[in-house]
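Order-wise, the sequence lines are chains D and Z. Position 54 of the first sequence, counting from 1, maps to 54 under our numbering, and the rest follow consecutively. To convert a position in the second sequence, counted from 1, into our numbering, add 260. Worksheet: one structure, shown below.
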Amino acid sequence: MTKISDNILKFENVTKVFGSKAILDGMNFEVRRGETFVIVGPSGTGKSVTLKHMVRLLTPDDGNVYVNDRCINEVTGGELAELREYFGYLFQGGALLAWLTVGENIALPLREKTNFAEDEIQKRVAKVLAMVEMSGDYDKRPSDISGGMCKRAGLARAIITEPDIVLYDEPTSGLDPVTARTIDALIERLRVGLGVTSVVVTHDLHSALSIGTRIAMIHSGKVLELATPEEFIRSKNSEVQKFLKSQYITQRGSWERDQI
Amino acid sequence: MITREPDFFPPSRNVLGQVGRSVVLSFRETGRAMLLLFAAVAAMRYAFTKRTRHEILVQMFVFGIKSLGVISVVAIFTGMILALQTGLALREFNQEVNIGTAVMVSMLREMGPFMTGLILAACVGSAIAAQLGTMVVSDEVAALEIMSIDPVRYLVMPRLVAMLLVTPMLAFYMCIMGVIGGGIVGMTQLGVSWDAYIDNAIRFAEVKDLFVGMFKAFLFGGIITIVACHEGFATTDGAVGVGYATRKAVIVAFLFILIAGYFVTRLFYV
Chain D
1 MTKISDNILK FENVTKVFGS KAILDGMNFE VRRGETFVIV GPSGTGKSVT LKHMVRLLTP
61 DDGNVYVNDR CINEVTGGEL AELREYFGYL FQGGALLAWL TVGENIALPL REKTNFAEDE
121 IQKRVAKVLA MVEMSGDYDK RPSDISGGMC KRAGLARAII TEPDIVLYDE PTSGLDPVTA
181 RTIDALIERL RVGLGVTSVV VTHDLHSALS IGTRIAMIHS GKVLELATPE EFIRSKNSEV
241 QKFLKSQYIT QRGSWERDQI
Chain Z
261 MITREPDFFP PSRNVLGQVG RSVVLSFRET GRAMLLLFAA VAAMRYAFTK RTRHEILVQM
321 FVFGIKSLGV ISVVAIFTGM ILALQTGLAL REFNQEVNIG TAVMVSMLRE MGPFMTGLIL
381 AACVGSAIAA QLGTMVVSDE VAALEIMSID PVRYLVMPRL VAMLLVTPML AFYMCIMGVI
441 GGGIVGMTQL GVSWDAYIDN AIRFAEVKDL FVGMFKAFLF GGIITIVACH EGFATTDGAV
501 GVGYATRKAV IVAFLFILIA GYFVTRLFYV
């Protein structure tokens, strides 16, 4: 039986160098089971690279990434596939397969990886489509829907297998404020209702402060600040304050957690 | 893993360094293409599942039926050129009746599989490379890997099986159309009757020619698919990279078709 660890994800001195630039430079943090861990930071600081290390789309040059206490950069083949089953992953553009309909895209992991009957698959697809408010879009092609809808369909595909951890790469970028808040609400609902652990990479601090149980700010390949939203906006770190002020968030706080 | 980490190399200091790096990289890429081939062959045990059977049929339709038009035109005119050139030469010796043999043997042994291979490399190979390249740059392949869906089994194997089946069929069809084209020239330009042309064509062609030609086509189908899939999966740098991968897939497939064609001919006829 798999050991249930309190820290579902752990980065231990992870270093990643692209060319001569260290994108991650001895990064350390842990993600607790059931929390929404938000990674923020300026562009090019390695937020998406961090996310890709969690599912071993990238391998550290140094250090280790642990998923449920198992080092993901040391496993291959079936073991890697087994560890990846813990994850759902929402890519920036949704990453839907162009030749399948929205419904077929969402059903894909169930059709390929489970023995569910077609009725059960359709029931589950309908359920997640309703969750992302796309119930009428089963038969549409990715090319027929907007970028925001692609993203929501990608989210539906990420959660249909009921993964323990969902990774979100810029879930609200490019979305209108109303749809962005819908996504935020869905992430929060998954955490509160189903105990899903979420790791969210975002530029959107309003979203980060709304959904995050802890927020990590990455700068120069390291975690510069790791705090609860309340502590984060009151951080004395000048880089954090600069980042907050860039989005008109003051230490007195312009956000409300119960907005969502 | 199909999804690759980006390559970063320090700038070469001299031409020798650049050449050396190119050689090493080409060996690395050849090795990766071979591994892709082995993985696709190993995945063929899943070729009989319902979904894969359907996918293979879809790919056969896309590769085969949709290429029929261009193959028909190329085949007829290839046969007509062969008949005209050999017919004009043979007319000097009053032997123009023998154009049937010349066209049939040329089409079966070389022109049928070669022209089919080159057309499919240009039409199908480029399309495969562009499709997979686009999937790579838009993270669709990475998404498959994270869902623990093997991209080789899901994307490469159905295309490989479809091409291995379709290419010999198309090559055979090309031979027939080429012989018909040659017959048209024989009748209209060289005064050879249709019956004499066909009789001559069938009498001197051997079954071995047919089998070797189809074997070549089978081989070319495999080369086109693996080269195209490999180049597609190796795509980087967005839309520009997709264009580069497509171009490279066609050029590399052309080269390997010619090289493999020579060695197969040498193996069976020398």
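Positions of the beta carbon are idealized from the N, C-alpha and C atoms, including for glycine.
Verify whether the separation of the beta carbon atoms of residue i and residue j is less than 8 Å.
i	j	result
residue 178/D	residue 156/D	no
residue 32/D	residue 6/D	yes
residue 134/D	residue 166/D	no
residue 261/Z	residue 491/Z	no
residue 247/D	residue 190/D	no
residue 359/Z	residue 368/Z	no
residue 390/Z	residue 496/Z	no
residue 323/Z	residue 423/Z	yes
residue 384/Z	residue 458/Z	no
residue 435/Z	residue 481/Z	no
residue 142/D	residue 96/D	yes
residue 110/D	residue 161/D	yes
residue 514/Z	residue 381/Z	yes
residue 342/Z	residue 363/Z	yes
residue 24/D	residue 65/D	no
residue 46/D	residue 218/D	yes
residue 338/Z	residue 375/Z	yes
residue 487/Z	residue 452/Z	no
residue 502/Z	residue 394/Z	yes
residue 524/Z	residue 471/Z	no
Should residue i be labelled buried (16 or more other beta-carbon atoms within 10 Å of its own) or exposed?
i	result
residue 225/D	buried
residue 286/Z	exposed
residue 519/Z	exposed
residue 437/Z	buried
residue 294/Z	exposed
residue 117/D	exposed
residue 130/D	exposed
residue 489/Z	buried
residue 256/D	Its pLDDT being 48, under 50, residue 256/D is placed unreliably by the model, and the measurement read from it follows with that caveat. Counting Cβ neighbours within 10 Å, residue 256/D comes out exposed, since fewer than 16 surround it.
residue 469/Z	buried
residue 150/D	buried
residue 86/D	buried
residue 201/D	buried
residue 274/D	With chain D running from 1 to 260 in the structure shown, residue 274/D is simply not present.
residue 72/D	buried
Run down chain Z in chain order and give the residues with a C-beta less than 8 Å from the C-beta of residue i.
i	result
residue 93/D	398 and 399
Along chain Z, which residues have their Cβ under 7 Å away from the Cβ of residue i?
i	result
residue 58/D	265
residue 51/D	What residue 51/D touches in chain Z: nothing, since even the nearest Cβ is about 11 Å away.
residue 81/D	408
residue 97/D	400
Who are the neighbours of residue i on chain D, taking C-beta pairs under 7 Å?
i	result
residue 406/Z	55, 84, 87 and 89
At what residues does the alpha helix (DSSP H) containing residue i begin and finish?
i	result
residue 529/Z	498–529
residue 457/Z	454–464
residue 433/Z	417–449
residue 126/D	118–131
residue 210/D	205–211
residue 217/D	Residue 217/D -> not in any alpha helix (DSSP H); beta strand (DSSP E) instead, spanning 214–219.
residue 103/D	102–113
residue 75/D	Neither: residue 75/D is in no alpha helix (DSSP H) and is coded neither H nor E.
residue 88/D	Per DSSP, residue 88/D belongs to no alpha helix (DSSP H); it is in the beta strand (DSSP E), 87–90.
residue 359/Z	359–366
residue 469/Z	467–493
residue 150/D	147–159
residue 291/Z	275–302
Closer than 8 Å by beta-carbon distance: list the chain D residues that pair up with residue i, in chain order.
i	result
residue 409/Z	108, 109, 112 and 113
Any heavy atom of the ligand FMN within a distance shorter than 7 Å of the CB on residue i?
i	result
residue 78/D	With respect to the ligand FMN, the structure offers nothing, as it holds no ligand at all.
What first and last residue would you give for the beta strand (DSSP E) that runs through residue i?
i	result
residue 23/D	21–32
residue 225/D	222–227
residue 62/D	62–67
residue 49/D	Careful: residue 49/D lies outside any beta strand (DSSP E), inside the alpha helix (DSSP H) at 47–54.
residue 310/Z	Looking at the DSSP string, residue 310/Z is not in any beta strand (DSSP E); the run it does join, the alpha helix (DSSP H), is 310–323.
residue 16/D	7–18
residue 200/D	197–201
residue 36/D	36–40
residue 165/D	165–169
For residue i, return the contacting residues in chain D, with the cut-off set at a CB-CB distance below 9 Å.
i	result
residue 307/Z	Result: empty, since nearest Cβ-Cβ is about 15 Å, beyond 9 Å.
residue 321/Z	Per Cβ cutoff of 9 Å: no residues; residue 321/Z is ~13 Å from chain D at best.
residue 422/Z	By Cβ distance, chain D contributes nothing, its closest Cβ being about 15 Å from residue 422/Z, past 9 Å.
residue 389/Z	None at all; the shortest Cβ gap to chain D is about 16 Å.
Whose Cβ in chain C lies nearer than 7 Å to the Cβ of residue i?
i	result
residue 268/Z	Protein chains D and Z are contained in the structure displayed, whereas chain C is not.
Discussion item. By the 8 Å beta-carbon criterion, what residues does the stretch 482–515 of chain Z contribute toward chain D?
Written reply: Along the stretch 482–515 of chain Z, none of the residues has a CB nearer than 8 Å to a CB of chain D.
Worksheet entry | Near-chain Z residues of the stretch 19–39 of chain D - C-beta to any C-beta below 7 Å | Those residues of the stretch 19–39 of chain D placed with their C-beta closer than 7 Å to a C-beta in chain Z are 19, ordered along the chain.
Worksheet entry | Contacting positions in the stretch 287–304 of chain Z - beta carbon closer than 7 Å to chain D | Residues of the stretch 287–304 of chain Z with a C-beta less than 7 Å from any C-beta of chain D: none at all.
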